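Asks: Input: one structure, supplied below.
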Amino acid sequence: MIESKDIKRVIVIFLILGIFTLTFFILKPIIMPIILGLLFAYVFIPVYKSIQKIVKNKNLAVFILVLGLILIVAIPIIYFVPIIVNQAFKIYVIIQNLNLTEIINNFIKTDIASTLAINIDNIIGQSFLIFLNQFKKLLLDIPSLAFQFVVFLFTFYFATRDANDLASYIRSLSPFSKATETRFLQEFRRITDAIVIGQVLIGIIQGLALGLGLFLLGIPNALVLTFIAAIISIIPVLGSWLIWLPISIFLLITNQIFAGIFLLLYGMLFVSSIDNLLRPYILSKKSTLPIALSLIGTIGGLFFFGIAGIVLGPLVIAYTLIIIEFYRHGKLKDLFNRQ
Numbered sequence: 108m109i110e111s112k113d114i115k116r117v118i119v120i121f122l123i124l125g126i127f128t129l130t131f132f133i134l135k136p137i138i139m140p141i142i143l144g145l146l147f148a149y150v151f152i153p154v155y156k157s158i159q160k161i162v163k164n165k166n167l168a169v170f171i172l173v174l175g176l177i178l179i180v181a182i183p184i185i186y187f188v189p190i191i192v193n194q195a196f197k198i199y200v201i202i203q204n205l206n207l208t209e210i211i212n213n214f215i216k217t218d219i220a221s222t223l224a225i226n227i228d229n230i231i232g233q234s235f236l237i238f239l240n241q242f243k244k245l246l247l248d249i250p251s252l253a254f255q256f257v258v259f260l261f262t263f264y265f266a267t268r269d270a271n272d273l274a275s276y277i278r279s280l281s282p283f284s285k286a287t288e289t290r291f292l293q294e295f296r297r298i299t300d301a302i303v304i305g306q307v308l309i310g311i312i313q314g315l316a317l318g319l320g321l322f323l324l325g326i327p328n329a330l331v332l333t334f335i336a337a338i339i340s341i342i343p344v345l346g347s348w349l350i351w352l353p354i355s356i357f358l359l360i361t362n363q364i365f366a367g368i369f370l371l372l373y374g375m376l377f378v379s380s381i382d383n384l385l386r387p388y389i390l391s392k393k394s395t396l397p398i399a400l401s402l403i404g405t406i407g408g409l410f411f412f413g414i415a416g417i418v419l420g421p422l423v424i425a426y427t428l429i430i431i432e433f434y435r436h437g438k439l440k441d442l443f444n445r446q
């Protein structure tokens, strides 16, 4: 016979599961800005503490930090996005007006040159169509994106201001011993710094460095090329060479010998060195995440999280590896055995 105590226990379990399920569906539309807000707060804590030392007020310090983030995001959107879109259209028109068959014939003097030119033209057309569709979707999603940005700022503000209280609360929920918990936090900080600095920041710097060279050479539509270079430079294995190499070849083909050679050498000797020297140095100091897994995390993250997956994908993979390593070395055996 089922006792009333068991019935009450089952009811309580279903109520708890129901509440957590409802909470998940409530937070689902805004879960990404919340995660990014927490991640940015974690990354910018040192900056916040530096500002707080100067202004001596935590509310004012975090307000200054939030204002800085708003300006960093708003200025490029207001000023650069229209220019980038305009330049993207110009690049498409320039490519459409090129005689690809004649250019390819300079390298491949066979009948397949025209077929290859048609295929390349189709690929470019399809890529531009995808760009147009994404841009249209972006315009339609502006109200939603603005709301999500507000949620991000709200999360970032309070997670940064109350970081100590939040950390204490998380520690109170942790099932690990204090020693394991401290080790976890150290590893999380290292891997987060490695990916944010070694992958994202270095990628952006590399893209900007290439952009500087393009501007110095007077390459048309350099802004959109700089933007694309910065994005692809963040992704492991890919890089700014996907921009400077084709442009260098194009310049050489069109008899702009000095500009072509300069950009080729500038890209090989300077821009690529930023990626080949600084990124491995930072990653080796702070992270043991293999490049292959970082690439898998980035690609998978892009599919699952969207553009934020460039950062979140490798982080999730890295955190999973940390947990596996802790388990492999027997450091998780103290679960529920806090000291």
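Residues 108 to 446 in the numbering used here are what the sequence shown spells out, letter by letter. The beta carbon of each residue, even a glycine, is placed where N, CA and C say it ideally should be. Everything numeric in this text was worked out from a predicted model, so none of it was measured.
Hey, which unbroken runs of the beta strand (DSSP E) at 3 residues or more fall wholly within the segment 118-205?
Replies: Qualifying beta strand (DSSP E) stretches: none in this window.
Asks: Identify whether T299 lies in helix, strand or coil by the three-state DSSP scheme.
Replies: Reduced to three states, the DSSP call for T299 is helix.
Asks: The alpha helix (DSSP H) that contains D272, what's its start and end?
Replies: Looking at the DSSP string, the run of the alpha helix (DSSP H) that includes D272 is A270 to L280.
Asks: Under the rule that 16 or more other beta-carbon atoms within 10 Å means buried, what is G144, buried or exposed?
Replies: By the 10 Å Cβ count, G144 comes out buried.
Asks: Contact check, L370 vs W351 under 8 Å by CB: the rounded distance?
Replies: Sure, about 6 Å apart at Cβ, within 8 Å.
Asks: Comparing C-alpha positions only, which one of L174, V307 and M139 sits nearest to Y264?
Replies: Nearest C-alpha to Y264: L174.
Asks: So, for V150: in the same chain, excluding its five sequence neighbours on each side, which residues have a beta-carbon less than 7 Å away from its beta-carbon?
Replies: Excluding residues within five positions, the ones whose Cβ falls inside 7 Å are T299 and V303.
Asks: How should T361 be labelled, buried or exposed, when 16 other C-beta atoms within 10 angstroms of its C-beta is the threshold for buried?
Replies: Counting Cβ neighbours within 10 Å, T361 comes out exposed, since fewer than 16 surround it.
Asks: Mark S340 as exposed unless 16 or more other C-beta atoms lie within 10 angstroms of its C-beta, in which case mark it buried.
Replies: Burial call: buried.
Asks: Grab me the residues of I190's own chain with a C-beta within less than 6 Å of its C-beta, minus the 5 sequence neighbours each way, in chain order.
Replies: L330.
Asks: How would you call T128, buried or exposed, if buried means at least 16 neighbouring beta carbons within 10 angstroms?
Replies: Exposed, since its Cβ has fewer than 16 Cβ neighbours within 10 Å.
Asks: Might you give, ordered along the chain, the residues of its own chain that have their beta carbon closer than 6 Å to the beta carbon of G420, omitting 5 neighbours on each side?
Replies: Excluding residues within five positions, the ones whose Cβ falls inside 6 Å are G404, T405, G407 and G408.
Asks: Can you tell which of I311, F322 and I424 has its C-alpha closest to the C-alpha of S379?
Replies: Out of I311, F322 and I424, I311 has the C-alpha closest to the C-alpha of S379.
Asks: Here's the rule I'm using: 16 or more other beta-carbon atoms within 10 Å means buried, otherwise exposed. How should R116 be labelled?
Replies: Its Cβ having fewer than 16 others within 10 Å, R116 is exposed.
Asks: What does the Cβ neighbour count give for S355, buried or exposed, with the cut at 16 atoms within 10 Å?
Replies: Label assigned to S355: buried.
Asks: Pop quiz: Q531 and I137 are said to be a contact at Cβ under 8 Å. What is the actual Cβ separation, rounded to whole angstroms?
Replies: As shown, the chain starts at 108 and ends at 446. That puts residue 531 outside it, with no answer to give.
Asks: Distance check for P140 and L292, CA to CA, integer angstroms please.
Replies: Each residue's Cα considered, the two are about 22 Å apart.
Asks: Measuring alpha carbon to alpha carbon, tell me which residue in L308, L358, F357 and I424 is nearest A336.
Replies: Comparing Cα positions, the closest option is L308.
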